[in-house]
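Let me begin by presenting the structure, written as structure tokens, before commenting on it.
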Amino acid sequence: MASNQFVFFLVLCLCVLSTAEFGEAQIQTGKICTDPNGKDIKSECFGYCTDIGFLGGSCQGYKNHYMCKCYVG
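Once you know that position 61 of the sequence shown is 121 in our numbering, the rest is easy, because the numbers rise by one and skip nothing.
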């Protein structure tokens, strides 16, 4: 009985963490990343996001379609 409760609690925690993306909300900005491979080498996305008041950001997407996404928390 205790084992079933533990497994249920563990699965519940994993579900909550996976839907919350581990506490890191992301806001898509519409700013296109300059590198076609999505590497923010010059920290352009990070700098852009911090300039507009977010905690940071990075390039996310797929080849030739990377956009800056800013982190809220």
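Backbone N, C-alpha and C fix where the C-beta goes; we use that ideal spot for every residue, glycine too.
Note that this is a predicted model, so its numbers are computed, not measured.
is_contact[residue i, chain B] using C-beta, thresh 9 angstroms
i, result
"Ser103", "The chain inventory of the structure shown lacks chain B, comprising one protein chain alone."
Residue i versus residue j: straight-line alpha-carbon distance, rounded
i, j, result
"Glu104", "Gln120", "13 angstroms"
"Leu115", "Thr89", "14 angstroms"
"Thr94", "Asn64", "50 angstroms"
"Gly113", "Gly107", "10 angstroms"
"Gly98", "Cys109", "16 angstroms"
Extent of the continuous beta strand (DSSP E) run through residue i
i, result
"Cys130", "His125 to Tyr131"
"Gly116", "Gly116 to Tyr122"
CB-CB length for residue i against residue j, believed under 8 angstroms
i, j, result
"Ile87", "Lys129", "7 angstroms"
"Gly117", "Tyr131", "6 angstroms"
Opening and closing residue of the alpha helix (DSSP H) in which residue i lies
i, result
"Asp111", "Glu104 to Asp111"
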